[in-house]
Structure formats: C-alpha cells, structure tokens
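Residue numbering for the sequence shown follows numbering that gives the first Met the number 0, starting at 0 and increasing by one per position. Here is the structure we will look at, set down as structure tokens.
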Amino acid sequence: MSILDSFRLDGKVALVTGAAYGIGFAMAKALAQAGAKIAFNCRSQSNMDRALADYEKEGIDARGYICDVTDEAQIAQLVKDIERDLGTIDILINNAGIIKRIPMLDTTCEEFRQVVDIDLVAPFIVSKAVIPGMIQKGGGKIINICSMMSELGRETVSAYAAAKGGLKMLTRNIASEYGEFNIQCNGIGPGYIATQQNAVLREKQPDGTPHPFDSFILAKTPAARWGTPEDLAGAAVFLSSSASDFINGHVLYVDGGILAYIGKQP
C-alpha cells in the first residue's frame, strides 16, 4: 500500500453525530470524498431535510437518522439501523455538542447538566454502543471533537470547559481500554471556527470597526484568521484512516496555533 492509499476510507462505514451542518458536515463530506459511507443524526426533521439536500448537492449519498444522542435506547436503535442499512460502523466521530455562554454564578444546575449530557455523556453512550461491533470486526476509529477548552478556561463557559476537559480524558481512557482490540480513539480540538453560529461575532460594528471579539481572536491566533470547517477535514480523514493506526489517546488541536502562543507584547 502506498502512503496515499493509507489515507483512503473506501467501503468504511462512518457515523458522524450532529453532522447536519457546520464542522460535522465538513468532516462527513471529507470522509465521503475519501471513500467512506456516511451516516449522521440530528434531532429534528426540518434540519434533516435541509441536511439531506445539502449532502445531495455535494453528490454524497448520506443516510440520515432522527436520534437524540443523550438517549441510550435511541442510540442502540440507531446503531442497529446503520448496521442494517450500511454495515458495521468502522468510524465514529462524536461531533454533536452545544455551548451555553453564561457566567458560572448565573448557570443553573439544569443548564450545566444539559451541556455535560450532550458534550460528554453522549460520546460515552455512542462510543459504548459502537465498540462491540468494532471489536467483532477487528478494529475501528473513534474521534471525539474536543476543544481548546479541554486545556484552557475562559469566562462564561464553565459547563462547556468541564465537559470538554472530561471528553479529553474519556478519549484517553477508551484508547487505554480498547487499544488492544485495534481500536484507536483520538480527539480533534478545533480552534475558533467561522460558522453561522458565530457570524455575529465577526460582523463589522456600526462605525465600521471590527467586532471586539473578532479582533481578540485574530490577535491571539498566529494564523491571524478564524478557521473554517474545511480546516478540520484533513485531521478527520487522517484520524479515520490506517495512516493513524499507531496514534491513540491523542488530541490533535486544529487551532491556528492559539495554544502555542502567549500573545504579542503590548
């Protein structure tokens, strides 16, 4: 096998949670271009209809399923449905997630638990559901979408940072427990990625000046720009492929250099 062939995913079945749009969609598209068969979930029919239309525009025959990633019974059924429709899952990307930007003292326990349930408990539930099939098949790839908040704290994101820090350690623990079964579990830690959800933070102010948060991110990023969903595509394909077979328990930060940078001297 040539080195380029080792990045191919031909015939592999990939489940990308929350891949109706944004970075999940970009990673699923990249895996499809590398030859994988794509399954994804979302929680509403309206999002599903839009996503299937977007996949069709890209020439991707993706299978979509309505499913709540925090519901263990629904996930068990999802895995059965994918196995029936496409085959045993070879690649899992735990991408579904939320963030609530609320000061810690104003965050309710219900809000904190909701973030942790989706960002940390759900990857546990989905990984637990697919690992038996991977063991039986002789191996598999699990990729958890972590965050720079797996390493850093910041105001207003206590629940998110706690969940993503936990997800980093869940990644290492899955690698530790199931590496002997030829299962590699790694993480991707995106930096600040330009999506529809944060477009307002990149808009010009009424006086024509940049948004303060936009200026902050550009100043803190050696690449001097926001990332794009497509910037995560290469990392997703690499960690899904045989090219990464001896990489396990690692978090690959795709952040334009933020974590390596102390910032400019005033």
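C-beta: ideal position from N, C-alpha, C; glycine also.
Reference residue i; option with closest CA among the options
{"i": "Ala160", "options": "Glu179, Tyr177, Gly188, Ala174", "result": "Gly188"}
{"i": "Ile101", "options": "Thr87, Arg153, Lys127, Cys66", "result": "Arg153"}
{"i": "Lys56", "options": "Phe24, Leu14, Cys145, Leu104", "result": "Phe24"}
{"i": "Cys35", "options": "Arg201, Ser239, Ile261", "result": "Residue identity differs from the one stated: residue 35 is Ala in this sequence, not Cys. When only C-alpha atoms are compared, the closest one is Ser239."}
{"i": "Ile98", "options": "Asp118, Pro228, Gln264, Glu109", "result": "Asp118"}
{"i": "Ser149", "options": "Ser5, Lys28, Phe6, Asp254", "result": "Asp254"}
{"i": "Ala33", "options": "Glu109, Ser126, Glu202, Ala242", "result": "Ala242"}
{"i": "Leu14", "options": "Ile88, Leu3, Lys79, Val68", "result": "Ile88"}
{"i": "Phe111", "options": "Ser126, Thr155, Ile130, Ile142", "result": "Thr155"}
{"i": "Ala95", "options": "Glu109, Gln113, Gln183, Cys108", "result": "Gln113"}
Residues near residue i by beta carbon distance below 8 Å, same chain, minus five either side
{"i": "Ser43", "result": "Ile65"}
{"i": "Phe123", "result": "Leu169"}
{"i": "Ala218", "result": "Gly262, Lys263"}
{"i": "Gly233", "result": "Ala29"}
Between the CA atoms of residue j and residue i - distance to the nearest angstrom
{"i": "Gly256", "j": "Leu151", "result": "14 Å"}
{"i": "Pro211", "j": "Arg83", "result": "50 Å"}
{"i": "Ser45", "j": "Ser1", "result": "43 Å"}
{"i": "Ile90", "j": "Asp206", "result": "48 Å"}
{"i": "Met47", "j": "Val120", "result": "23 Å"}
{"i": "Ala223", "j": "Gly190", "result": "12 Å"}
{"i": "Trp225", "j": "Val12", "result": "31 Å"}
{"i": "Leu231", "j": "Met26", "result": "7 Å"}
{"i": "Ile144", "j": "Leu166", "result": "8 Å"}
{"i": "Ile81", "j": "Gly132", "result": "12 Å"}
{"i": "Phe245", "j": "Glu179", "result": "11 Å"}
{"i": "Ala128", "j": "Ile74", "result": "7 Å"}
{"i": "Ala38", "j": "Tyr260", "result": "37 Å"}
{"i": "Ile134", "j": "Pro228", "result": "31 Å"}
{"i": "Arg171", "j": "Thr208", "result": "43 Å"}
{"i": "Gly10", "j": "Met103", "result": "46 Å"}
{"i": "Ile59", "j": "Ile22", "result": "16 Å"}
{"i": "Glu202", "j": "Asp213", "result": "8 Å"}
Contact under 8 Å by Cβ, residue i with residue j
{"i": "Arg49", "j": "Ala19", "result": "yes"}
{"i": "Leu85", "j": "Val236", "result": "no"}
{"i": "Pro8", "j": "Asn40", "result": "As written in the sequence, residue 8 is Leu, which differs from the Pro given in the question. No. Outside cutoff."}
{"i": "Thr16", "j": "Ile92", "result": "yes"}
{"i": "Val68", "j": "Val125", "result": "yes"}
{"i": "Ala282", "j": "Thr106", "result": "Given a span of 0 to 265 for the chain in the structure shown, any question on residue 282 remains unanswerable."}
{"i": "Tyr177", "j": "Ile142", "result": "no"}
{"i": "Gln183", "j": "Lys140", "result": "yes"}
Beta-carbon contacts of residue i that lie in its chain and below 6 Å, excluding the five residues immediately before and after
{"i": "Tyr252", "result": "Gly188, Leu258"}
{"i": "Ser146", "result": "Lys163, Gly188"}
{"i": "His249", "result": "Asn185"}
{"i": "Thr220", "result": "Gly255, Ile257"}
Cβ shell of residue i (< 7 Å), same chain only, five flanking positions each side left out
{"i": "Tyr54", "result": "Ala61"}
{"i": "Asn181", "result": "Gly137, Gly138"}
{"i": "Gln204", "result": "His210"}
{"i": "Ser316", "result": "For residue 316 there is no data in the structure shown, the boundaries of the chain being 0 and 265."}
Exercise for the section: Could you name each continuous alpha helix (DSSP H) segment of 4 residues or more that falls completely within the region 117-150, going from the start of the chain to the end? Expected result: 121-136
Handout entry: Whole beta strand (DSSP E) elements within the region 159-238, 3-residue minimum
Key = 182-189
Handout entry: Contiguous beta strand (DSSP E) assignments of at least 3 residues, all confined to the region 0-84
Key = 12-16, 36-41, 62-65
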